[in-house]
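Engineer:
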Amino acid sequence: MALKLFNTLSRSIQDFVPLDPAGKKAGLYCCGPTVYDFAHIGNWRTFVFADLVRRTLEFKGHIVTHVMNITDVEDKIIKRVRETKTSLREFTGQYETAFFEDLKTLNCLLPHHTPHATEHIPEIISLIEKLVARGIAYRAADGSVYFGIEKYRGCGCTYGQLLKLNFDEMRAGERVKSDEYAKESVADFALWKARVPEDGEVFWPSPFGDGRPGWHIECSAMSMKMLGESFDLHLGGEDLVFPHHEDEIAQSEGATGKPFVKYWLHGAHLLVEGKKMSKSLGNFFTLRDLLAKGFTGREIRCLLLGAHYRETFNFTLEGLQGARTSLARIDECVGKLRELAGGTAAVADADLVNAFTAALDDDLNISAAWGVIFKWVSKMNRNLAGNAIMVAEAASALAAWEKIDSVLGIGLMVETEAPAELKQLIIDRQLARQAKDFKRSDAIRDELKAKGWVIEDTPKGQKLKKL
Ligand code: AMP
Ligand code: ZN
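Rendered as structure tokens:
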């Protein structure tokens, strides 16, 4: 059965048919992080969604080229470089390193290409030159180069492919220089921003004068360089639909005259406790904040994969506890099947794989996919409890689970070594008990539990076990 996906371009669910005449290869671009801070769990929802799309395409037999750019120069970054009095490279480097560490923690597959904007200035300049040569871009009095929307429309091109725009409200020639603006302020947008004193040392020479690229042109230049002038899939969070993606289409199609992207996929936002995540509301979590609370990458990944990508998803710490419980159920069942199968090779249980595939084919219906998995876990647990399962059946179930997990990427729990500060708590607890300070001893147990660990008595003494 064909994979069906909701395409923002057509506002409908369509069969995924790649541009490759052989139907095999698929080019996938996801707008990557702006490295000016640690990525928050909302960002991670989008990157885990992109990972799910890639893994699903590979599961369906496609050969995917996955590209994710690193936005290492734009308005917010320059502001922070100025404030922190660091160099651009020094400033962005630390957050980029953290980003790749987090990507690994969440078991996201590394994209095949992770191009940096600052390493593609020549490609960006040549794309702008093409637009200037076609009369679609122009240099304004301040030395910046703008994309002329009316000129583009005059060439028979459509501005407003991803969303409807009201051009009657637009005043011709009005310009917007900042990278982010709302659809009410649709206007000619900056492709190249002339150097201003606030930019400090962040500038490059160009035929249009010293300056730096706008954010939108960076993605057009890098995606087309890596995947060609037309490619299959472009992803991002829903906030990128306008202006970022609309501008990417305009810049790319304006320069090449060819359709830019066949399928546009947008992930809905993550809310925290029902509200928009914001530092001032105190509901702002980076991945690292959650790890410090004792949760693991696979628990967080499991939670982020919990809801359909087009549904706004409400993050709560209770939800994360729920993901922990769900994983424990899967781990227990898969662990028992492993013991029983004992390494026997088998063909994957087709019923299970087919039911899971049917759920994914339906526009990545992850809730239905989890439904299939937990029904299977219940059935396996029943059969395991009643000794009603043979070695061959256990092996076949396991083979199916491995196929499924190639998409989910949650793996099996591995014994984790407790962090040193938690091990110290065990010693403190023993001392408290020796001193008959049971209040303190209970408090330590509760503290460990809150961090996701339980104390187990073993023949070798007390040990910490992950909950
Ligand atoms: P940025 O680093 O700000 O460029 O964002 C990286 C990605 O995270 C983009 O695809 C955004 O659309 C996405 N994003 C930002 N906030 C959220 C959120 N609260 N929920 C889901 N995705 C988000
Ligand atoms: Zn982008």
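First residue of the sequence shown: 181, per the working numbering; consecutive thereafter. Every residue gets a Cβ at the ideal spot worked out from N, C-alpha and C, and that includes glycine. Quantities reported herein were computed from a predicted structural model and do not represent experimental measurements.
By a C-beta neighbour count over all protein chains shown, 10 Å radius and 16 as the cutoff for buried, is Asn223 buried or exposed?
Structural biologist: Label assigned to Asn223: buried.
Engineer: Return yes when at least one heavy atom of ligand 1 lies under 7 Å from the C-beta of Thr251, else no.
Structural biologist: yes
Engineer: From Leu199 to Leu602, what does the alpha carbon distance come to, in whole angstroms?
Structural biologist: 53 Å
Engineer: Any heavy atom of ligand 2 inside 7 Å of the beta-carbon of His300?
Structural biologist: no
Engineer: Just to confirm before moving on: does the CB-CB distance between Lys368 and Gly315 stay below 8 Å?
Structural biologist: Checking the displayed sequence, the identity of residue 368 turns out to be Asp instead of Lys. Result no, Cβ atoms of Asp368 and Gly315 do not sit closer than 8 Å.
Engineer: Give me the residue from Glu263, Thr294 and Arg262 with the minimum Cα distance to Thr277.
Structural biologist: Thr294
Engineer: Where do the ends of the beta strand (DSSP E) carrying Trp444 lie?
Structural biologist: Val441 to Gly447
Engineer: Find out if the Cβ-Cβ distance for the pair Asp529, Ser586 is shorter than 8 Å.
Structural biologist: no
Engineer: Counting beta carbon pairs with one atom in the segment 552–572 and one in the segment 520–528, are three or more of them shorter than 8 Å?
Structural biologist: Touching, yes, given that three or more Cβ pairs across the two stretches are closer than 8 Å.
Engineer: Any idea what DSSP makes of Ile590, helix, strand or coil?
Structural biologist: coil
Engineer: Met248 by DSSP, collapsed to three states: which one?
Structural biologist: strand
Engineer: Considering only the beta carbon of each residue, do Val247 and Arg234 sit closer than 8 Å?
Structural biologist: Contact flag unset, no.
Engineer: Decide if Asp231 is buried, meaning its Cβ has at least 16 other Cβ atoms within 10 Å, or exposed.
Structural biologist: buried
Engineer: Would DSSP call Thr338 helix, strand or coil?
Structural biologist: coil
Engineer: Under a criterion of Cβ closer than 6 Å to any non-hydrogen atom of ligand 2, which residues qualify, in chain order?
Structural biologist: The set of residues with CB atoms less than 6 Å from any heavy atom of ligand 2 reads, in chain order, Cys211, Cys399 and His424.
Engineer: Note down, in chain order, each residue of its chain lying with its Cβ closer than 6 Å to the Cβ of Phe196, except the 5 sequence neighbours on either side.
Structural biologist: Leu183 and Leu185
Engineer: Go ahead and label Asp252 buried or exposed: buried means 16 or more other beta carbons lie within 10 angstroms of its beta carbon, across all protein chains shown.
Structural biologist: Result: buried.
Engineer: As a quick exercise: from Ala430, Ala374 and Lys616, pick the residue whose alpha carbon is nearest that of Pro387.
Structural biologist: Ala374
Engineer: Can we count Gly551 as close to ligand 1, meaning its CB is less than 7 Å from some heavy atom?
Structural biologist: no
Engineer: Taking Ile221 as the reference, which of Phe465, Gln610 and His446 has the closest Cα?
Structural biologist: Phe465
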